[in-house]
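Enquirer:
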Amino acid sequence: MGVTGPRLLRAPGDIRSVAVPLLFAGYATSGALLVTVLHGYPASAGAGLLAVAGVVAATVISARALGARQSRAVSRSALVVAVVALLTGTGLTVAPGAAPAEPHDHGPPAARIADEPSRRFTLTAATATVDAGGRNVAAWAFNGQVPGPELSATVGDVMEVTLRNRDIGRGVTLHWHGYDVPNDQDGVPGVTQAAVRPGQEFVYRFRADQPGTYWYHTHSASDVGVRMGLYGVLVVRPGPVTGLDVTVPVHTLAGRPLPAPKVEQVEAGRPVRLRLINTDSTTHRYALAGTAYRVAAIDGVDLRGPTPLVDTAVLIPAGGRYDLVFDAPATPVALFVDGRAVYSTGPVSTATGAWPVLDPLGYGTTAPVPWSRFDKTFTLVLDRGLDLRRLVPRYAHTVNGAADPDIPPQVVRLGDVVRFTIVNRSQIVHPWHLHGHHVLVLARDGEPAAGSPLWLDSFDVRPGEVWKVAFRADNPGMWANHCHNLAHADAGMTLHLRYS
Ligand code: C2O
Ligand code: CU
């Protein structure tokens, strides 16, 4: 338009009558393109009207500038359309059907367990300087260390964790990632508790009855908080440890991977369990070289009939955990994360880059899905879009075209069997994470899951993928349901599951 406009103006008069329709066509095409890129799916009346308003206004202005003849009635109605469209499209008036987020209603508090704690910990959050692989960097740390202390327990323990905040201005909470605690212990500020401010404390108490590999992290300003170091490992073992059983949390601090903890040498034949934990916001690729291994558990839940894998890599989503088990061979083994050795017992071939990647949906022994019908079904379309509901417009990460806090909560009843269909319409991976529940994977891209039942709390929905997952609503409360790329979660991709 910028190029043709002036030329058309200079052209003989009879071209002007052609120019206005031409310009209109151009504006309409650009408007449609903008709606597609900025707003995305699903189309909403608001965005449509906004686009119409823009096209009408631009056409009227162009017609004026070109001096084309037009009737008053036409410009008046154009003005009316534009104003109405602007008002509804920007959300200055609430468009019908655009349900505002419901106020958080906590309902009766979940019964806090009264049992005498058997494991007590204190975590004090504070700013700190920590050694990140030979370089001192500014961090936010629990008890002065990144990661924070490893909390370990045996199934049946009653955990009591006192959180103190010394000087973290953004506030701190503890969220037990993947641990299906009672709602009031879930650590989501503004939803299950208030953030713990400098000088304050909060005591968490829950029964450790889920065995497996988990982690804890702050959920207050979670993107920056976790990135700066406010996280640690939570491991609940079914009984005494036999062999070597170690956690390998992977984290990037100040742009650099933190060194992995030292792992002791083990004599050949001893069982080894490596509990891999991805505490970053993006997927990592892990390759265990020098031995066959099995994936014994994902997200804390044992797999059914895992078979030995050789020269195969695994992809762990943000927030996810894989337990790899093997018997220590007499020859060296090494674990590579994104091609970098984080643990090794000697020289091992580093050519792991070309290894195939395990698809957990086809690994292990299948078992029937425990439900045949679903009481509630929800579809979540993940995309990007312009969020005009705030003072400053933002290019948000959206669910069904809306951004937090404007995404309507999903309401379920206790006992419902709930199915989510998650569609990634964007260009980037979204590691999905529902609090308080593990979900059973039913299908991906229309293909039913064919391996061991997968009960996950964190799974990567890649661009273009469609996942179907289900769970039984058995843990009442108000639960965050969000992308675990925490920058995305902060930029709109958070909603809530609420029990009625
Ligand atoms: Cu690991 Cu809501 O988070
Ligand atoms: Cu995301």
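The numbering used here puts the sequence shown at residues 44 to 543. By construction, the Cβ of each residue, glycine as well, lies at the ideal position given by its N, Cα and C atoms.
So the alpha helix (DSSP H) Gly268 belongs to, where does it begin and stop?
Expert: Note, Gly268: alpha helix (DSSP H), 265-271.
Enquirer: For the segment 262-279 against the segment 195-204, do three or more pairs of beta-carbon atoms, one drawn from each stretch, fall closer than 8 Å, so that the two count as touching?
Expert: Short answer: they touch.
Enquirer: Does Ile450 come out as helix, strand or coil in the three-state DSSP assignment?
Expert: The answer is coil: DSSP assigns Ile450 none of H, G, I, E or B.
Enquirer: Rounded to whole angstroms, what is the Cα-Cα separation between Arg107 and Leu425?
Expert: Using only the alpha carbons, I get a separation of about 41 Å.
Enquirer: What are the boundary residues of the alpha helix (DSSP H) that includes His478?
Expert: First-last for His478: undefined, no H or E at that position.
Enquirer: By alpha-carbon positions, which one of Ala297, Asn524, Gly389 ends up nearest to Met271?
Expert: Comparing Cα positions, the closest option is Ala297.
Enquirer: Do Gly428 and Thr420 have their CB atoms nearer than 9 Å?
Expert: No; because the gap between Cβ atoms is not below 9 Å, this pair is not in contact.
Enquirer: Suppose contacts are defined by Cβ-Cβ distances below 9 Å. Is Arg432 in contact with Asp449 by that definition?
Expert: For Arg432 and Asp449, yes; Cβs fall inside 9 Å.
Enquirer: Can at least three beta-carbon pairs, one atom from the segment 222-242 and one from the segment 511-523, be found at a separation below 8 Å?
Expert: Because the criterion of three Cβ pairs below 8 Å is met, the segment 222-242 and the segment 511-523 touch.
Enquirer: Can you tell me the Cα-Cα spacing of His525 and Trp219, whole angstroms?
Expert: Their Cα atoms are separated by approximately 15 Å.
Enquirer: In angstroms with no decimal places, state the Cα-to-Cα distance between Asp37 and Trp510.
Expert: With the chain running from 44 to 543 in the structure shown, residue 37 is simply not present.
Enquirer: Identify which residue in Gly479, Gly489, Arg328 has its Cα closest to the Cα of Phe249.
Expert: Minimum Cα distance to Phe249 is reached at Gly479.
Enquirer: For ligand 2, is there any heavy atom lying closer than 8 Å to the beta carbon of Met536?
Expert: Yes, the beta carbon of Met536 sits closer than 8 Å to at least one heavy atom of ligand 2.
Enquirer: With 16 other CB atoms within 10 Å as the buried threshold, where does Pro283 fall?
Expert: Exposed is the call here.
Enquirer: Quick one: what does DSSP say Ser387 is sitting in, helix, strand or coil?
Expert: Ser387: strand per DSSP, three-state reduction.
Enquirer: Candidates Ser415, Gly255, Arg213: which alpha carbon is nearest Gln243's?
Expert: The option with the nearest alpha carbon to Gln243 is Arg213.
Enquirer: Phe463 and Val512 - do their beta-carbons sit closer together than 9 Å?
Expert: Against a cut-off of 9 Å, the Cβ pair of Phe463 and Val512 comes out as a contact.
Enquirer: If I'm right that Ala332 touches Thr395 with Cβ under 8 Å, what's the distance once you round it to whole angstroms?
Expert: About 6 Å; that satisfies the 8 Å criterion.
Enquirer: By a C-beta neighbour count over all protein chains shown, 10 Å radius and 16 as the cutoff for buried, is Ser415 buried or exposed?
Expert: Exposed, by the Cβ-count rule.
Enquirer: Return the CA-CA distance between Gly275 and Pro190, expressed in angstroms with no decimal places.
Expert: Cα to Cα, Gly275 sits roughly 5 Å from Pro190.
Enquirer: According to DSSP, is Asp533 helix, strand or coil?
Expert: If DSSP states are grouped into helix, strand and coil, Asp533 belongs with the helices.
Enquirer: Compare the C-alpha of Val380 against each of Leu66, Asp288, Arg328, Arg316 and name the closest.
Expert: It is Arg328.
Enquirer: How far does the beta strand (DSSP E) with Arg250 in it reach, from first residue to last?
Expert: First-last of the beta strand (DSSP E) with Arg250: 244-250.
Enquirer: Buried or exposed for Gln236, please, with buried defined as at least 16 other CB atoms from any protein chain shown within 10 angstroms of its CB.
Expert: Answer is buried; the Cβ neighbour count reaches 16.
Enquirer: From Thr322 to Gly268, what does the alpha carbon distance come to, in whole angstroms?
Expert: Whole-angstrom Cα-Cα distance: 12 Å.
Enquirer: Which residues does DSSP pair with His260 in a beta bridge?
Expert: Beta-bridge pairing links His260 to His218, Tyr274.
Enquirer: For ligand 1, I want to know if His531 counts as a neighbour, meaning its beta carbon is within less than 8 Å of at least one of the ligand's heavy atoms.
Expert: No; taking the cut-off as 8 Å, the Cβ of His531 has no heavy atom of ligand 1 nearer than that.
Enquirer: Indicate, with yes or no, if ligand 1 has a heavy atom lying under 8 Å from the CB of Ser265.
Expert: It does: the Cβ of Ser265 is within 8 Å (strictly closer) of some heavy atom of ligand 1.
Enquirer: Taking the continuous beta strand (DSSP E) assigned at Phe164, which residues delimit it?
Expert: It spans 162-174 - the beta strand (DSSP E) in which Phe164 sits, taken as one unbroken run.
Enquirer: Can you give the Cα-Cα distance for Ala532 and Arg456, rounded to whole angstroms?
Expert: If you take the alpha carbons of Ala532 and Arg456, they lie about 25 Å apart.
Enquirer: To the nearest angstrom, report how far apart Thr205 and Gln188 are at their CA atoms.
Expert: C-alpha separation (whole angstroms): 17 Å.
Enquirer: To the nearest whole angstrom, what separates the beta carbons of Leu497 and Ile320, a pair I think is in contact under 8 Å?
Expert: Actually they are not in contact, since the Cβ atoms of Leu497 and Ile320 sit about 17 Å apart, beyond 8 Å.
Enquirer: CA-CA distance, His527 and Val391?
Expert: Rounded to the nearest angstrom, the two C-alpha atoms are 33 Å apart.
Enquirer: What does the alpha-carbon distance come out to for the pair Leu540 and Gly233?
Expert: Distance between the alpha carbons of Leu540 and Gly233 is about 14 Å.
Enquirer: Less than 9 Å between the beta carbons of Ile211 and Ala181, yes or no?
Expert: Not a contact, by the Cβ cut-off of 9 Å.
Enquirer: Determine the contact status of Asp288 and Arg318, defining contact as a CB-CB distance below 9 Å.
Expert: Yes, they are a contact pair.
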